[in-house]
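> The structure under discussion is supplied below as C-alpha coordinates; questions concerning it will follow.
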Amino acid sequence: MSGATTGTTGTTGDVRTVPAPAPPQPRPNGQLRISKLFRKTLVSALVAGGSLLLTSVLNEDDNDLWQWTVSIVLGCAALIVQYLIEFSERLEDMEAGQKRRIREMRDSLTTHHLEMRQAVDESFAKINAATELFSKVDRSVLRSDGVTRLAQKYTQVGEHGSAIVKTFAQEELARLAQLMESLSNGSADCAGENHEWLMDLTTCAKRTLYATSTTIDRDFWTSEPAKRYLAVQADAIKNRGVEIRRLFLVETLDEVTPSLELLCERQRTFGIDARIAVQSELQPNAQVTPLNDFIIFDGELCYETEPDVRVVPAKTTLKMTREHVQERINRFTVLWEATAAG
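Residues in the sequence shown are numbered consecutively from 1, following full-length UniProt numbering.
Quick look at the structure:
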(Lines of atoms letter the chains of each structure in order from A and count residues from 1; the text may use other names and numbers.)
(Lines give C-alpha, C1' and ligand atoms only; values in the text may rest on other atoms or scores of the structure.)
Protein backbone atom coordinates (compact mmCIF):
# COMPACT_ATOMS: atom_id res chain seq x y z
CA MET A 1 0.00 0.00 0.00
CA SER A 2 1.39 3.38 -1.04
CA GLY A 3 1.05 6.61 0.93
CA ALA A 4 2.59 9.95 1.70
CA THR A 5 4.43 8.56 4.74
CA THR A 6 6.03 5.29 5.81
CA GLY A 7 6.11 3.93 9.36
CA THR A 8 8.52 1.79 11.39
CA THR A 9 7.68 0.01 14.64
CA GLY A 10 10.12 0.31 17.57
CA THR A 11 10.59 -1.94 20.56
CA THR A 12 7.94 -0.11 22.55
CA GLY A 13 5.33 -0.67 19.83
CA ASP A 14 4.94 2.98 18.79
CA VAL A 15 5.01 3.93 15.14
CA ARG A 16 7.41 6.58 13.96
CA THR A 17 6.46 8.45 10.83
CA VAL A 18 9.14 8.95 8.21
CA PRO A 19 8.32 11.65 5.66
CA ALA A 20 8.21 10.53 2.03
CA PRO A 21 10.84 11.96 -0.32
CA ALA A 22 9.77 15.15 -2.04
CA PRO A 23 9.11 14.93 -5.80
CA PRO A 24 11.90 16.26 -7.99
CA GLN A 25 11.53 19.92 -8.81
CA PRO A 26 11.81 21.02 -12.44
CA ARG A 27 15.11 22.62 -13.28
CA PRO A 28 15.12 26.32 -14.13
CA ASN A 29 15.81 27.50 -17.66
CA GLY A 30 19.32 28.66 -16.66
CA GLN A 31 20.30 25.20 -15.47
CA LEU A 32 18.78 23.70 -18.63
CA ARG A 33 20.90 25.98 -20.82
CA ILE A 34 24.06 25.07 -18.82
CA SER A 35 23.21 21.38 -19.19
CA LYS A 36 22.82 21.71 -22.96
CA LEU A 37 26.05 23.72 -23.25
CA PHE A 38 27.90 21.15 -21.13
CA ARG A 39 26.54 18.35 -23.30
CA LYS A 40 27.62 20.09 -26.51
CA THR A 41 31.08 20.76 -25.05
CA LEU A 42 31.39 17.16 -23.87
CA VAL A 43 30.36 15.78 -27.26
CA SER A 44 32.78 18.11 -29.05
CA ALA A 45 35.58 17.13 -26.65
CA LEU A 46 34.86 13.44 -27.16
CA VAL A 47 34.86 13.88 -30.94
CA ALA A 48 38.14 15.83 -30.77
CA GLY A 49 39.70 13.29 -28.39
CA GLY A 50 38.56 10.40 -30.50
CA SER A 51 39.91 12.08 -33.61
CA LEU A 52 43.26 12.67 -31.91
CA LEU A 53 43.40 9.04 -30.80
CA LEU A 54 42.41 7.77 -34.23
CA THR A 55 44.97 9.92 -36.07
CA SER A 56 47.66 8.83 -33.63
CA VAL A 57 46.94 5.18 -34.41
CA LEU A 58 46.64 5.64 -38.16
CA ASN A 59 49.53 8.06 -38.58
CA GLU A 60 52.92 6.48 -38.00
CA ASP A 61 54.72 9.81 -38.30
CA ASP A 62 55.16 11.88 -35.22
CA ASN A 63 53.39 14.91 -36.68
CA ASP A 64 51.58 16.24 -33.62
CA LEU A 65 50.53 19.45 -35.34
CA TRP A 66 48.54 17.64 -38.00
CA GLN A 67 46.87 15.39 -35.42
CA TRP A 68 45.89 18.32 -33.22
CA THR A 69 44.61 20.26 -36.22
CA VAL A 70 42.41 17.41 -37.38
CA SER A 71 41.03 16.77 -33.89
CA ILE A 72 40.27 20.47 -33.32
CA VAL A 73 38.59 20.79 -36.73
CA LEU A 74 36.45 17.72 -36.15
CA GLY A 75 35.54 18.89 -32.62
CA CYS A 76 34.51 22.29 -33.94
CA ALA A 77 32.58 20.61 -36.73
CA ALA A 78 30.76 18.46 -34.18
CA LEU A 79 29.93 21.56 -32.15
CA ILE A 80 28.64 23.39 -35.23
CA VAL A 81 26.55 20.39 -36.28
CA GLN A 82 24.95 20.27 -32.81
CA TYR A 83 24.10 23.96 -33.01
CA LEU A 84 22.68 23.48 -36.51
CA ILE A 85 20.54 20.59 -35.31
CA GLU A 86 19.30 22.62 -32.34
CA PHE A 87 18.64 25.60 -34.61
CA SER A 88 16.70 23.38 -37.01
CA GLU A 89 14.63 21.96 -34.15
CA ARG A 90 13.90 25.45 -32.83
CA LEU A 91 12.98 26.61 -36.32
CA GLU A 92 10.61 23.68 -36.73
CA ASP A 93 9.07 24.40 -33.32
CA MET A 94 8.72 28.06 -34.24
CA GLU A 95 7.07 27.20 -37.56
CA ALA A 96 4.73 24.75 -35.85
CA GLY A 97 3.83 27.37 -33.22
CA GLN A 98 3.33 29.99 -35.90
CA LYS A 99 1.09 27.64 -37.88
CA ARG A 100 -0.85 26.84 -34.72
CA ARG A 101 -1.31 30.53 -33.89
CA ILE A 102 -2.35 31.27 -37.47
CA ARG A 103 -4.83 28.39 -37.38
CA GLU A 104 -6.22 29.55 -34.03
CA MET A 105 -6.44 33.12 -35.31
CA ARG A 106 -8.19 31.93 -38.47
CA ASP A 107 -10.65 29.88 -36.43
CA SER A 108 -11.20 32.84 -34.11
CA LEU A 109 -11.74 35.20 -37.04
CA THR A 110 -14.12 32.70 -38.65
CA THR A 111 -16.10 32.39 -35.43
CA HIS A 112 -16.11 36.16 -34.97
CA HIS A 113 -17.20 36.62 -38.58
CA LEU A 114 -20.06 34.17 -38.11
CA GLU A 115 -21.12 35.86 -34.87
CA MET A 116 -20.95 39.30 -36.47
CA ARG A 117 -22.88 38.08 -39.49
CA GLN A 118 -25.51 36.50 -37.27
CA ALA A 119 -25.78 39.70 -35.21
CA VAL A 120 -26.09 41.80 -38.37
CA ASP A 121 -28.69 39.42 -39.82
CA GLU A 122 -30.68 39.54 -36.59
CA SER A 123 -30.46 43.34 -36.49
CA PHE A 124 -31.60 43.64 -40.09
CA ALA A 125 -34.38 41.14 -39.42
CA LYS A 126 -35.57 43.26 -36.49
CA ILE A 127 -35.33 46.40 -38.61
CA ASN A 128 -37.21 44.72 -41.45
CA ALA A 129 -39.85 43.45 -39.02
CA ALA A 130 -40.25 46.91 -37.49
CA THR A 131 -40.36 48.54 -40.94
CA GLU A 132 -42.91 46.03 -42.17
CA LEU A 133 -44.98 46.51 -39.02
CA PHE A 134 -45.10 50.30 -39.34
CA SER A 135 -45.78 49.97 -43.07
CA LYS A 136 -48.79 47.80 -42.29
CA VAL A 137 -49.94 50.31 -39.68
CA ASP A 138 -49.59 53.17 -42.19
CA ARG A 139 -51.55 51.22 -44.81
CA SER A 140 -54.31 50.27 -42.39
CA VAL A 141 -57.23 52.44 -41.37
CA LEU A 142 -55.92 52.57 -37.80
CA ARG A 143 -54.19 55.68 -36.54
CA SER A 144 -50.45 55.10 -36.79
CA ASP A 145 -49.65 57.94 -34.38
CA GLY A 146 -51.16 55.94 -31.53
CA VAL A 147 -48.88 52.96 -32.21
CA THR A 148 -45.84 55.25 -32.44
CA ARG A 149 -46.79 57.02 -29.23
CA LEU A 150 -47.27 53.70 -27.44
CA ALA A 151 -43.81 52.50 -28.50
CA GLN A 152 -42.15 55.77 -27.48
CA LYS A 153 -43.80 55.95 -24.07
CA TYR A 154 -43.18 52.29 -23.34
CA THR A 155 -39.48 52.88 -24.09
CA GLN A 156 -39.44 55.88 -21.74
CA VAL A 157 -40.98 53.80 -18.96
CA GLY A 158 -38.27 51.18 -19.50
CA GLU A 159 -35.54 53.83 -19.25
CA HIS A 160 -36.75 55.85 -16.26
CA GLY A 161 -39.35 53.77 -14.41
CA SER A 162 -38.80 51.87 -11.19
CA ALA A 163 -38.90 48.08 -11.06
CA ILE A 164 -42.57 47.86 -10.13
CA VAL A 165 -43.52 50.46 -12.77
CA LYS A 166 -41.63 48.49 -15.44
CA THR A 167 -43.34 45.27 -14.40
CA PHE A 168 -46.74 46.97 -14.41
CA ALA A 169 -46.06 48.43 -17.86
CA GLN A 170 -45.08 44.99 -19.16
CA GLU A 171 -48.27 43.45 -17.78
CA GLU A 172 -50.43 46.20 -19.31
CA LEU A 173 -48.70 45.89 -22.67
CA ALA A 174 -49.14 42.12 -22.60
CA ARG A 175 -52.82 42.58 -21.77
CA LEU A 176 -53.22 45.05 -24.64
CA ALA A 177 -51.42 42.70 -27.03
CA GLN A 178 -53.71 39.86 -25.94
CA LEU A 179 -56.76 42.06 -26.54
CA MET A 180 -55.53 43.00 -30.04
CA GLU A 181 -54.90 39.34 -30.83
CA SER A 182 -58.36 38.37 -29.60
CA LEU A 183 -60.01 41.17 -31.60
CA SER A 184 -58.18 40.02 -34.73
CA ASN A 185 -59.66 36.55 -34.16
CA GLY A 186 -63.19 37.94 -33.89
CA SER A 187 -63.80 37.53 -30.15
CA ALA A 188 -62.44 38.88 -26.86
CA ASP A 189 -63.46 38.35 -23.26
CA CYS A 190 -62.55 39.29 -19.70
CA ALA A 191 -63.69 38.37 -16.21
CA GLY A 192 -66.50 40.35 -14.64
CA GLU A 193 -68.26 43.30 -16.23
CA ASN A 194 -65.87 45.57 -18.11
CA HIS A 195 -67.24 49.08 -17.76
CA GLU A 196 -64.28 50.62 -19.59
CA TRP A 197 -65.08 48.63 -22.72
CA LEU A 198 -68.68 49.78 -22.40
CA MET A 199 -67.71 53.46 -22.16
CA ASP A 200 -65.13 53.28 -24.94
CA LEU A 201 -67.43 51.45 -27.35
CA THR A 202 -70.22 53.97 -26.71
CA THR A 203 -67.75 56.77 -27.40
CA CYS A 204 -66.73 55.07 -30.66
CA ALA A 205 -70.29 54.39 -31.89
CA LYS A 206 -71.29 56.48 -34.92
CA ARG A 207 -74.70 55.18 -36.03
CA THR A 208 -76.66 52.90 -33.71
CA LEU A 209 -76.61 51.36 -30.24
CA TYR A 210 -79.20 48.65 -29.58
CA ALA A 211 -79.22 47.21 -26.05
CA THR A 212 -81.17 44.82 -23.88
CA SER A 213 -81.32 44.98 -20.10
CA THR A 214 -82.48 42.08 -17.94
CA THR A 215 -82.86 41.69 -14.21
CA ILE A 216 -79.16 40.78 -14.06
CA ASP A 217 -78.02 44.39 -14.41
CA ARG A 218 -80.81 46.21 -12.55
CA ASP A 219 -78.42 47.18 -9.76
CA PHE A 220 -75.99 48.57 -12.31
CA TRP A 221 -78.27 51.55 -13.09
CA THR A 222 -77.86 52.91 -9.56
CA SER A 223 -74.05 52.74 -9.63
CA GLU A 224 -71.46 55.39 -10.46
CA PRO A 225 -70.43 53.72 -13.77
CA ALA A 226 -74.09 53.94 -14.88
CA LYS A 227 -73.99 57.73 -14.51
CA ARG A 228 -70.92 57.91 -16.74
CA TYR A 229 -72.52 55.47 -19.19
CA LEU A 230 -75.64 57.64 -19.50
CA ALA A 231 -73.45 60.72 -19.94
CA VAL A 232 -71.49 59.24 -22.86
CA GLN A 233 -74.76 58.02 -24.41
CA ALA A 234 -76.21 61.51 -24.19
CA ASP A 235 -73.05 62.88 -25.81
CA ALA A 236 -73.28 60.31 -28.62
CA ILE A 237 -76.91 61.29 -29.30
CA LYS A 238 -76.29 65.02 -29.17
CA ASN A 239 -72.95 65.35 -30.98
CA ARG A 240 -72.89 62.38 -33.37
CA GLY A 241 -76.58 61.65 -33.91
CA VAL A 242 -76.33 58.06 -32.68
CA GLU A 243 -79.68 56.26 -32.45
CA ILE A 244 -79.92 54.46 -29.09
CA ARG A 245 -82.62 51.92 -28.30
CA ARG A 246 -82.90 50.00 -25.04
CA LEU A 247 -85.28 47.17 -24.15
CA PHE A 248 -85.83 46.31 -20.49
CA LEU A 249 -86.80 42.62 -20.58
CA VAL A 250 -89.12 41.09 -17.96
CA GLU A 251 -90.99 37.82 -17.89
CA THR A 252 -94.35 38.91 -16.45
CA LEU A 253 -96.30 42.08 -15.75
CA ASP A 254 -95.63 41.68 -12.03
CA GLU A 255 -91.99 42.58 -12.71
CA VAL A 256 -92.94 45.95 -14.17
CA THR A 257 -92.41 47.93 -10.99
CA PRO A 258 -92.65 51.69 -10.48
CA SER A 259 -88.86 51.83 -10.09
CA LEU A 260 -88.43 50.14 -13.48
CA GLU A 261 -90.87 52.56 -15.11
CA LEU A 262 -89.05 55.48 -13.49
CA LEU A 263 -85.72 54.12 -14.79
CA CYS A 264 -87.16 53.83 -18.28
CA GLU A 265 -88.54 57.38 -18.13
CA ARG A 266 -85.24 58.76 -16.87
CA GLN A 267 -83.40 57.25 -19.81
CA ARG A 268 -85.84 58.89 -22.21
CA THR A 269 -84.80 62.26 -20.80
CA PHE A 270 -81.30 61.58 -22.18
CA GLY A 271 -82.73 60.97 -25.66
CA ILE A 272 -82.68 57.18 -25.38
CA ASP A 273 -85.66 55.32 -26.87
CA ALA A 274 -86.33 53.03 -23.88
CA ARG A 275 -89.12 50.44 -23.69
CA ILE A 276 -90.21 47.60 -21.44
CA ALA A 277 -90.80 44.21 -23.08
CA VAL A 278 -92.97 41.75 -21.13
CA GLN A 279 -92.24 38.46 -22.83
CA SER A 280 -95.34 36.69 -21.53
CA GLU A 281 -97.47 39.36 -23.24
CA LEU A 282 -95.72 39.20 -26.60
CA GLN A 283 -96.81 37.23 -29.65
CA PRO A 284 -95.55 33.62 -29.69
CA ASN A 285 -93.16 34.32 -32.55
CA ALA A 286 -91.57 37.12 -30.48
CA GLN A 287 -91.12 35.08 -27.33
CA VAL A 288 -87.52 33.92 -27.20
CA THR A 289 -85.45 31.91 -24.81
CA PRO A 290 -83.84 33.88 -21.98
CA LEU A 291 -80.99 36.01 -23.25
CA ASN A 292 -77.90 37.44 -21.69
CA ASP A 293 -77.63 41.19 -21.70
CA PHE A 294 -76.20 42.34 -25.02
CA ILE A 295 -75.48 45.64 -26.75
CA ILE A 296 -74.99 45.95 -30.51
CA PHE A 297 -72.74 48.81 -31.62
CA ASP A 298 -73.19 50.09 -35.19
CA GLY A 299 -74.50 46.67 -36.23
CA GLU A 300 -70.92 45.36 -36.22
CA LEU A 301 -69.94 44.40 -32.68
CA CYS A 302 -71.81 42.74 -29.85
CA TYR A 303 -71.01 43.39 -26.16
CA GLU A 304 -72.43 40.64 -23.93
CA THR A 305 -72.37 39.81 -20.23
CA GLU A 306 -72.81 36.31 -18.84
CA PRO A 307 -74.12 35.73 -15.29
CA ASP A 308 -72.83 33.25 -12.75
CA VAL A 309 -74.83 31.13 -10.30
CA ARG A 310 -75.46 34.23 -8.17
CA VAL A 311 -77.00 35.95 -11.21
CA VAL A 312 -74.34 38.67 -11.35
CA PRO A 313 -72.18 39.44 -14.40
CA ALA A 314 -69.26 37.00 -14.35
CA LYS A 315 -67.87 37.48 -17.84
CA THR A 316 -67.86 40.10 -20.57
CA THR A 317 -67.47 39.07 -24.20
CA LEU A 318 -66.94 41.05 -27.39
CA LYS A 319 -68.03 39.20 -30.53
CA MET A 320 -67.52 40.48 -34.05
CA THR A 321 -68.35 37.49 -36.25
CA ARG A 322 -70.96 38.50 -38.79
CA GLU A 323 -73.22 35.51 -38.11
CA HIS A 324 -73.39 36.10 -34.37
CA VAL A 325 -73.94 39.85 -34.67
CA GLN A 326 -76.66 39.34 -37.27
CA GLU A 327 -78.42 36.79 -35.04
CA ARG A 328 -78.44 39.31 -32.17
CA ILE A 329 -79.74 42.04 -34.49
CA ASN A 330 -82.58 39.77 -35.63
CA ARG A 331 -83.54 38.93 -32.04
CA PHE A 332 -83.51 42.56 -31.00
CA THR A 333 -85.55 43.59 -34.05
CA VAL A 334 -88.23 40.97 -33.34
CA LEU A 335 -88.51 42.04 -29.69
CA TRP A 336 -88.51 45.73 -30.57
CA GLU A 337 -91.22 45.45 -33.20
CA ALA A 338 -93.35 43.22 -30.98
CA THR A 339 -93.06 45.70 -28.12
CA ALA A 340 -93.98 48.60 -30.38
CA ALA A 341 -97.00 46.72 -31.67
CA GLY A 342 -98.10 45.92 -28.12
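Positions of the beta carbon are idealized from the N, C-alpha and C atoms, including for glycine.
Evaluate the contact criterion for the segment 296-305 versus the segment 275-284: three or more CB pairs, one atom per stretch, below 8 angstroms.
Too few Cβ pairs lie closer than 8 angstroms, so no.
> Does the pairing of the segment 202-213 with the segment 169-177 give three or more beta-carbon distances under 8 angstroms?
No contact exists between the segment 202-213 and the segment 169-177.
> On the DSSP letters alone, give me the boundaries of the alpha helix (DSSP H) that R240 sits inside.
Residue 240 sits at position 240 when you count from the first residue of the sequence shown. It spans 224-240 - the alpha helix (DSSP H) in which R240 sits, taken as one unbroken run.
> Quick one: what does DSSP say L282 is sitting in, helix, strand or coil?
For the purposes of this step, residue 282 is identified with residue 282 of the sequence shown, where counting begins at 1. L282: coil per DSSP, three-state reduction.
> Taking the CB atoms as reference points, tell me whether Q283 and A338 lie closer together than 8 angstroms.
For the purposes of this step, residue 283 is identified with residue 283 of the sequence shown, where counting begins at 1. For the purposes of this step, residue 338 is identified with residue 338 of the sequence shown, where counting begins at 1. Result yes, Cβ atoms of Q283 and A338 sit closer than 8 angstroms.
> With E304 as the anchor, note down where its beta strand (DSSP E) starts and where it stops.
Start at 1 with the first residue of the sequence shown, and residue 304 comes out as number 304. Start and end: 301-307.
> Which residues in the same chain as L183 place their Cβ atom closer than 6 angstroms to its Cβ, once the five residues preceding and following it in sequence are excluded?
Counted from its first residue, the sequence shown places residue 183 at position 183. Once the five neighbours on either side are set aside, L183 has no close Cβ partner at all.
> Going residue by residue through the segment 180-215, where are the continuous alpha helix (DSSP H) segments of at least 4 residues, counting only ones entirely within it?
Here the runs fully enclosed are 195-204.
> Looking only at its own chain, which residues have a Cβ that is under 6 angstroms from the Cβ of L230, when we skip the five neighbours before and after it?
Indexing the sequence shown from 1 puts residue 230 at position 230. These residues qualify, in order along the chain: F270.
> Quick one: residues in its chain with C-beta nearer than 6 angstroms to the C-beta of T214, no 5 flanking neighbours on either side, listed in chain order?
Position 214 of the sequence shown, counted from the start, is the residue given in the question as residue 214. The residues are L249, D293.
> Between the segment 235-244 and the segment 323-337, do at least 3 Cβ pairs fall closer than 8 angstroms?
These segments do not touch.
> Where does R103 sit, in a helix, a strand or coil, going by DSSP?
The residue given as residue 103 occupies position 103 in the sequence shown. If DSSP states are grouped into helix, strand and coil, R103 belongs with the helices.
> Would you mind working out which of L198, L253, A274, V147 sits nearest L262, comparing C-alpha positions?
Reading the sequence shown from its first residue, position 262 is the one you call residue 262. Measuring from the Cα of L262, the nearest candidate turns out to be A274.
> Would you kindly report the start and end of the unbroken alpha helix (DSSP H) that includes E261?
To locate residue 261, count along the sequence shown from 1; it is residue 261. Its alpha helix (DSSP H) spans residues 258-269.
> Give every residue of the same chain whose Cβ lies closer than 7 angstroms to the Cβ of H195, excluding the five residues on either side of it in the sequence, and list them in chain order.
One-based indexing of the sequence shown puts residue 195 at position 195. The answer, listed in chain order, is P225.
> Could you spell out where the beta strand (DSSP E) holding F218 opens and where it closes?
Here residue 218 refers to the residue found at position 218 when the sequence shown is read from its first residue. Position check: residue 218 holds Arg in this sequence, whereas Phe was assumed. Per DSSP, R218 belongs to no beta strand (DSSP E) and is neither H nor E.
> Write down the C-beta distance between S123 and M320 rounded to the nearest angstrom, noting that I regard them as a contact closer than 8 angstroms.
Here residue 123 is taken as the residue at index 123 of the sequence shown, counted from 1. Here residue 320 is taken as the residue at index 320 of the sequence shown, counted from 1. Not quite, the Cβ-Cβ distance comes to about 37 angstroms (not below 8 angstroms), so this is no contact.
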